[in-house]
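Single-structure report; data block below.
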């Protein structure tokens, strides 16, 4: 491994900024950015836009052209050394005459991990790994968890009042958060592979569960928890708009209703648990095998409680509106809960910001040992 240049972190920040341009479009691939630096100046930039297209390194090398000879390549993820949908990036790097490669992190995918840097070292390219590693891990937290644990990264999102309610006692919940917060919520949807709600939310609100108001945004796969298949045939969430829809149910579901849903193009998955409800871990296993790396859980209260009780939440995004409703109104997270505060799930690496009149609180669930999130 070569020594770290004083400018390594600065150039890696440029590569990380480029990588973020792939948010919402690269899955099931990671977000990756790269820059080529010669004579202390960036001469080539690139990022991975979507599966099937060249990787970030290739775009950056193309941008640099002949200036890549003898230059340094900064890349947010270890270059691949195997054939996939595209040729190995290591061979493009070697062929361009790059002298030094700085990677933010190793690729956790077993096809790559360590092999890319080893191939470069074999060819005489100086390598270093670990520059801005924490930021690179955060950027691809869903990819890392999917590749290491075989599960999607789960973000729990809700909007609540200042006194911790998600609706009034009559069930009225529109709108607890303001327009800027709702805009961010759609950005979260667009950046997720799938979005999940319970049948209670579908029956009460008839949501479309789409990402709206974002240019070029995709709508995530829609997932509904419905133990007995009560979802109405005309529910907006079942719209045949090209977005995959999965209804997770149990053996208690009416077979005729299941056949009707499947005939309408809906995937129906029976994964009942011992308690007669949907087995959430089995559902996550199924989604991961289907290529879902990131799952946004929007509730309601029973659904979020089920995920919390099962220890399946990695990150929380809570929108707090400046209102107080009082009374016997529902809280964001139901379920069994805990008896002692010492057993409560706690957030780490918390970020708080103001968005319009709302406060937005984000944090990763602290796992045993103090680590945040599944990555």
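Residue numbers (our numbering): 145 to 519. Where is the CB? At the ideal position from N, CA and C, for every residue including glycine.
In the three-state reduction of the DSSP assignment, residue 397 falls in the coil class, being assigned neither a helical nor a strand state. About 14 Å separates the beta carbons of residue 476 and residue 440, which is beyond the 8 Å limit, so they are not a contact pair. Bridge pairing for residue 242: absent [DSSP].
A Cβ-Cβ distance of about 6 Å is found for the pair residue 189 and residue 207, placing them in contact under the 8 Å criterion.
Along the stretch 189 to 266, the beta strand (DSSP E) occurs as fully enclosed runs of 3 or more residues at 216 to 219, 244 to 247, listed in sequence order. Between residue 297 and residue 462, the gap from beta carbon to beta carbon reaches 8 Å or more. Rounded to whole angstroms, residue 276 and residue 464 show a C-alpha spacing of 32 Å. Beta bridge pairing from DSSP links residue 491 with 509. As for any beta strand (DSSP E) of minimum length 3 sitting wholly inside the stretch 277 to 324, the runs are 297 to 304, ordered along the chain. Spatial neighbours of residue 409 in its own chain (CB-CB distance under 8 Å, excluding positions within 5 residues in sequence) are listed in chain order as 384, 389. Contiguous alpha helix (DSSP H) elements confined to the stretch 337 to 395 occur at 343 to 349, taking only those with 4 or more residues.
Distance from the Cα of residue 351 is smallest, within the candidate group 288, 330, 259, for 330.
Rounded to whole angstroms, the Cβ separation of residue 345 and residue 444 is 5 Å, and the two are in contact under 8 Å. One Cα belongs to residue 264, the other to residue 242, and the distance between them is close to 10 Å.
Excluding sequence positions up to five before and after residue 152, its CB lies within less than 8 Å of the CB of 218, 246, 272, 275, all in the same chain and listed in chain order.
Inter-residue distance for residue 435 and residue 473 is about 37 Å (C-alpha atoms, whole angstroms).
Of all alpha-carbon atoms in 466, 248, 214, 432, the one lying nearest the alpha-carbon of residue 322 is that of 466. Around residue 250, the same chain offers 222, 257, 258, 273 as residues with beta carbons nearer than 7 Å, after the five sequence neighbours per side are excluded.
In terms of Cα proximity to residue 417, the closest of 392, 288, 231, 299 is 392.
Following the DSSP letters along the chain, one finds residue 428 inside the alpha helix (DSSP H) bounded by residues 424 to 433. In the DSSP assignment, residue 270 is bridged to 244.
DSSP places residue 419 in the coil class of the three-state scheme, outside both helix and strand.
The criterion of a C-beta distance shorter than 8 Å is not satisfied by residue 484 and residue 509.
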